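In the numbering used here, the protein residues as written are 3 to 124.
Built from N, CA and C at the ideal position, the CB exists for glycine as well.
Remember, predicted model here, so these are calculated numbers, not experimental data.
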Amino acid sequence: MTTKTTSTVLAMIAAGGLMLAASQAAAHAKLVSANPAPDATVAAPKAISLKFSEKLEAKFSSFEIAKASGGAVPVKIKVAKGGMVIDGALAAPLAPGAYKVSWRAVTADAHRINGAYSFTVR
């Protein structure tokens with residue numbers, strides 16, 4: 003290869019590496035797992051747990067549970083396990099039926115994220 007070709011190839015490789023690093027740095031936190039899982043049919047859970055890919059700000063991160071037919075379900079929320087998990091202790095066992103979990107969170111770098119999913123109690 004000529005010097006000019008080698009320089010061009012090296013510049014392209016460096017630019018690609020910078021673009022990859024920038025896209026990874028700009029990535030936002032996401033919900034990694036949930037218990038009960040989205041769309042699952044389960045026995046009545048005693049708690050709900052949401053795990054995220056980044057540390058959350060506890061003061062601004064929580065979730066709510068609602069019956070599909072309407073009506074909120076009482077739940078006591080805490081951010082646990084290094085700030086990456088939101089746990090919710092249910093005040094009473096869930097009756098059979100469909101439920102929706104609506105969550106919102108703020109990451110340590112101040113990004114706001116939110117989402118929702120449903121599960122069914124048999």
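Residue range of the beta strand (DSSP E) that includes residue i
{"i": "residue 89", "result": "87–92"}
{"i": "residue 121", "result": "114–123"}
{"i": "residue 52", "result": "49–54"}
{"i": "residue 72", "result": "Where residue 72 is concerned, there is no enclosing beta strand (DSSP E), given that its DSSP letter is neither H nor E."}
{"i": "residue 42", "result": "No beta strand (DSSP E) contains residue 42, which DSSP labels as neither H nor E."}
{"i": "residue 99", "result": "99–108"}
{"i": "residue 80", "result": "77–82"}
C-alpha gap between residue i and residue j, whole angstroms
{"i": "residue 107", "j": "residue 114", "result": "6 Å"}
{"i": "residue 91", "j": "residue 112", "result": "26 Å"}
{"i": "residue 93", "j": "residue 53", "result": "21 Å"}
{"i": "residue 70", "j": "residue 64", "result": "19 Å"}
Expected contact under 8 Å - CB spacing of residue i and residue j to nearest Å
{"i": "residue 101", "j": "residue 68", "result": "7 Å"}
{"i": "residue 103", "j": "residue 44", "result": "Not quite, the Cβ-Cβ distance comes to about 12 Å (not below 8 Å), so this is no contact."}
{"i": "residue 46", "j": "residue 95", "result": "4 Å"}
{"i": "residue 61", "j": "residue 110", "result": "12 Å between Cβ atoms; not a contact."}
{"i": "residue 34", "j": "residue 55", "result": "5 Å"}
Where residue i sits in the DSSP three-state scheme
{"i": "residue 61", "result": "helix"}
{"i": "residue 32", "result": "coil"}
Near the ligand GDP: residue i beta-carbon under 6 Å from a heavy atom
{"i": "residue 101", "result": "Among the ligands in the structure shown, none appear at all, so the ligand GDP cannot be discussed."}
Within 8 Å, do at least three Cβ pairs link the region 82–95 to the region 112–121? In short, these stretches do not touch, since the Cβ pair count stays below three.
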